[in-house]
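Engineer: Residue numbers (the working numbering): 3 to 383.
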């Protein structure tokens, strides 16, 4: 069992994030939900406070801090405020896409791409999922054919978060027919001729987080935008997925804790048959069960965070975390909504929004069925 601790600097940072969420995110959240995407001012303000690009070196304007506890604090505070869509936006920028640009790049590439990430002027996205390829990354069909100093890219991606607002996308494309060794990663500027955004897809939840289809038609990407070398894409993706799943676990536990706290307050106030529904044994048992499960999840999450800080988080441990915590988040939202009765089905109640926002958590970042496959393989099955 690893020991996770937070320093006074971490606690001070949490207060900074909490103020940012209260002053910048919460007042605008409902407008962004109606608009179908968050406003770019969100990242500009975050950049001013140093909430983006923690691992970017100081020489490029970043904090140069390789400490995932800071990343986790940002996700945690956003989820607790009910800003799940904005939490995903920060997760993509800081936890999912940025590692490709800090760990797999040359100094020249870093100089081109990283300063804007830190200031919030450059919004990041990643293009893995395709219309016919979800969990099977080796089945990606988008092609990148070398032609002189460029790659000519043709294909399509779907369910791409930040698809409408994104500026730079790390995309997986096939540079040779081999299923695993034929994938390569390219960094694509959204202003490149041949790059096309589809419509903003209508989801049941996370309305403030835009999700789009991207289409590439004879798009010429400079060879200097290749990450490392050809044929490394599949392995590069696999290496970074544990951190993505850790970030999703952070958000899932924070969201579950917030839903539980809201529901406890509700059952204390709500009366039925002349008594608070908190006095009913059924309500007590449901909430007692959820509180216990969430405490267990928090303990395992902290253990995984500590392992990640030491560079020891394995793919199987991250898969266990992602499966268990996101499943628990969905279950918590469902059971808490039930305790709200008909009011729980009304969108103005936080539990209703939490219910629809939670559902995608068991799907993206690798479905929970894929997580169980990874776990089973780790068991030698």
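Heads up, the beta-carbon is just placed ideally off N, CA and C, and yes, glycines get one too.
So what's residue 224 in DSSP terms, helix, strand or just coil?
Structural biologist: Residue numbering aside, residue 224 sits at position 222 when the chain shown is read from its first letter. Residue state, collapsed to three classes: strand.
Engineer: DSSP state of residue 296, grouped into three classes?
Structural biologist: If you number the chain shown from 1, residue 296 lands on position 294. DSSP places residue 296 in helix when its eight states are reduced to three.
Engineer: According to the Cβ coordinates, are residue 262 and residue 296 closer than 9 Å?
Structural biologist: Here residue 262 refers to the residue found at position 260 of the chain shown. Here residue 296 refers to the residue found at position 294 of the chain shown. Against a cut-off of 9 Å, the Cβ pair of residue 296 and residue 262 comes out as a contact.
Engineer: According to DSSP, is residue 156 part of a helix, a strand, or is it coil?
Structural biologist: Taking the first residue of the chain shown as position 1, residue 156 is located at position 154. Three-state DSSP puts residue 156 in a strand.
Engineer: Using three-state DSSP, classify residue 169 as helix, strand or coil.
Structural biologist: Against the chain shown, residue 169 aligns to sequence position 167. If DSSP states are grouped into helix, strand and coil, residue 169 belongs with coil.
Engineer: Using 9 Å as the threshold, is the C-beta distance between residue 104 and residue 67 below it?
Structural biologist: Residue 104 sits at position 102 when you count from the first residue of the chain shown. Residue 67 sits at position 65 when you count from the first residue of the chain shown. In this structure, residue 67 does not lie closer than 9 Å to residue 104 by Cβ.
Engineer: Taking just the CA atoms, how far does residue 285 sit from residue 273?
Structural biologist: Along the chain shown, read from residue 1 onward, the residue named residue 273 stands at position 271. Along the chain shown, read from residue 1 onward, the residue named residue 285 stands at position 283. Between residue 273 and residue 285, the C-alpha separation is close to 12 Å.
Engineer: Considering only the beta carbon of each residue, do residue 228 and residue 197 sit closer than 9 Å?
Structural biologist: Mapped onto the chain shown, residue 228 falls at position 226. Mapped onto the chain shown, residue 197 falls at position 195. Not a contact, by the Cβ cut-off of 9 Å.
Engineer: Does the Cβ of residue 206 have 16 or more other Cβ atoms within 10 Å, making it buried, or fewer, making it exposed?
Structural biologist: Taking the first residue of the chain shown as position 1, residue 206 is located at position 204. The residue is exposed, with fewer than 16 neighbouring Cβ atoms inside 10 Å.
Engineer: When burial is assigned at 16 or more other CB atoms within 10 Å of the CB, is residue 359 buried or exposed?
Structural biologist: Counting from 1 along the chain shown, the entry for residue 359 is found at position 357. Looking at its Cβ environment, which holds 16 or more other Cβ atoms inside 10 Å, residue 359 is buried.
Engineer: Just the C-alpha distance for residue 182 and residue 280, rounded to the nearest angstrom, thanks.
Structural biologist: Start at 1 with the first residue of the chain shown, and residue 182 comes out as number 180. Start at 1 with the first residue of the chain shown, and residue 280 comes out as number 278. Distance between the alpha carbons of residue 182 and residue 280: 54 Å.
Engineer: Give every residue of the same chain whose Cβ lies closer than 7 Å to the Cβ of residue 209, excluding the five residues on either side of it in the sequence, and list them in chain order.
Structural biologist: For the purposes of this step, residue 209 is taken as the residue at position 207 of the chain shown. The residues are 35, 38 and 87.
Engineer: Can you tell me which of 189, 97 and 119 puts its alpha carbon nearest to the alpha carbon of residue 232?
Structural biologist: Position 230 of the chain shown, counted from the first residue, corresponds to residue 232. Per the Cα distances, 189.
Engineer: Using 9 Å as the threshold, is the C-beta distance between residue 291 and residue 97 below it?
Structural biologist: Residue 291 sits at position 289 when you count from the first residue of the chain shown. Residue 97 sits at position 95 when you count from the first residue of the chain shown. No.
Engineer: For the alpha helix (DSSP H) containing residue 128, list its first residue and its last residue.
Structural biologist: Your numbering for residue 128 matches position 126 in the chain shown. First-last for residue 128: 126-129, but that is the beta strand (DSSP E), not the alpha helix (DSSP H).
Engineer: Between the beta-carbon of residue 253 and the beta-carbon of residue 90, is there less than 9 Å?
Structural biologist: Position 251 of the chain shown, counted from the first residue, corresponds to residue 253. Position 88 of the chain shown, counted from the first residue, corresponds to residue 90. Cβ atoms of residue 253 and residue 90: closer than 9 Å.
Engineer: Pull the bridge partners of residue 162 from the DSSP assignment, please.
Structural biologist: Within the chain shown, the letter at position 160 stands for residue 162. Note: residue 162 sits in a beta bridge opposite 214.
Engineer: For residue 85, which option in 135, 29 and 343 has the closest C-alpha, if you only look at C-alpha atoms?
Structural biologist: Position 83 of the chain shown, counting from 1, holds the residue named residue 85. Closest by alpha carbon: 29.
Engineer: Could you check which residue in 319, 357 and 6 has the C-alpha nearest to that of residue 69?
Structural biologist: Here residue 69 refers to the residue found at position 67 when the chain shown is read from its first residue. Per the Cα distances, 6.
Engineer: Assuming residue 186 and residue 175 make a contact with CB atoms under 8 Å, what is their CB distance in whole Å?
Structural biologist: Taking the chain shown and counting its residues from 1, one reaches residue 186 at position 184. Taking the chain shown and counting its residues from 1, one reaches residue 175 at position 173. Yes, they are in contact, since the Cβ atoms of residue 186 and residue 175 sit about 6 Å apart, within 8 Å.
Engineer: Can you grab the Cα-Cα spacing for the pair residue 108 / residue 362, in whole Å?
Structural biologist: Here the question's residue 108 lines up with position 106 in the chain shown. Here the question's residue 362 lines up with position 360 in the chain shown. So the two alpha carbons sit approximately 35 Å from each other.
Engineer: Count the other CB atoms, across all protein chains shown, that sit within 10 Å of the CB of residue 259; report buried if there are 16 or more and exposed otherwise.
Structural biologist: As a position in the chain shown, residue 259 is number 257, starting the count at 1. Residue 259 is buried by the Cβ-count criterion.
Engineer: Hey, residue 63 and residue 120 are a contact pair by Cβ (cut 8 Å); roughly how many whole angstroms apart?
Structural biologist: Locating residue 63 in the chain shown gives position 61, counting from the first residue. Locating residue 120 in the chain shown gives position 118, counting from the first residue. Their Cβ separation, rounded to whole angstroms, is 5 Å, which keeps residue 63 and residue 120 in contact under 8 Å.
Engineer: Among the residues of its own chain, which have a CB less than 7 Å from the CB of residue 355, if the five just before and after it don't count?
Structural biologist: In the chain shown, the residue the question calls residue 355 occupies position 353. The answer, listed in chain order, is 84 and 349.
Engineer: Select from 170, 152 and 156 the residue whose C-alpha is nearest the C-alpha of residue 100.
Structural biologist: In the chain shown, residue 100 corresponds to position 98, counting from 1. Closest by alpha carbon: 170.
Engineer: Give a yes or no on whether the C-beta atoms belonging to residue 166 and residue 143 are separated by under 9 Å.
Structural biologist: On the chain shown, residue 166 is found 164 positions in, with the first residue counted as 1. On the chain shown, residue 143 is found 141 positions in, with the first residue counted as 1. No; because the gap between Cβ atoms is not below 9 Å, this pair is not in contact.
Engineer: Please state the DSSP three-state secondary structure of residue 85.
Structural biologist: For the purposes of this step, residue 85 is taken as residue 83 along the chain shown, with counting starting at 1. In this structure, residue 85 counts as coil in the three-state DSSP scheme.
Engineer: Spell out a yes or no on whether the region 369-377 and the region 319-337 are touching, meaning 3 or more CB-CB pairs, one atom from each, closer than 8 Å.
Structural biologist: Yes, since at least three Cβ pairs between the region 369-377 and the region 319-337 fall closer than 8 Å, the two stretches touch.
Engineer: According to DSSP, is residue 69 helix, strand or coil?
Structural biologist: The sequence position of residue 69 within the chain shown is 67, counting from 1. Residue 69: coil per DSSP, three-state reduction.
Engineer: Going straight from the alpha carbon of residue 302 to that of residue 16, what length do you get?
Structural biologist: In the chain shown, the residue the question calls residue 302 occupies position 300. In the chain shown, the residue the question calls residue 16 occupies position 14. Their backbone Cα atoms lie some 21 Å apart in a straight line.
Engineer: Compute the beta-carbon to beta-carbon distance between residue 27 and residue 106, rounded to the nearest angstrom, for a pair I have assumed lies under 8 Å.
Structural biologist: For the purposes of this step, residue 27 is taken as the residue at position 25 of the chain shown. For the purposes of this step, residue 106 is taken as the residue at position 104 of the chain shown. Not confirmed; about 31 Å, so no contact.
Engineer: With residue 58 as the anchor, note down where its beta strand (DSSP E) starts and where it stops.
Structural biologist: Taking the first residue of the chain shown as position 1, residue 58 is located at position 56. Unbroken run through residue 58: none, as it is neither H nor E.
Engineer: For the beta strand (DSSP E) that contains residue 187, what are its first and last residues?
Structural biologist: In the chain shown, counting from the first residue as 1, residue 187 sits at position 185. Taken as a continuous stretch (DSSP letters only), the beta strand (DSSP E) holding residue 187 covers 185-191.
Engineer: When you compare each of 315, 238, 194 and 255 to residue 294 by their alpha carbons, which one comes out closest?
Structural biologist: As a first step, residue 294 is located in the chain shown; it is residue number 292 there, counting from the start. Of the listed residues, the one whose Cα sits closest to residue 294 is 255.
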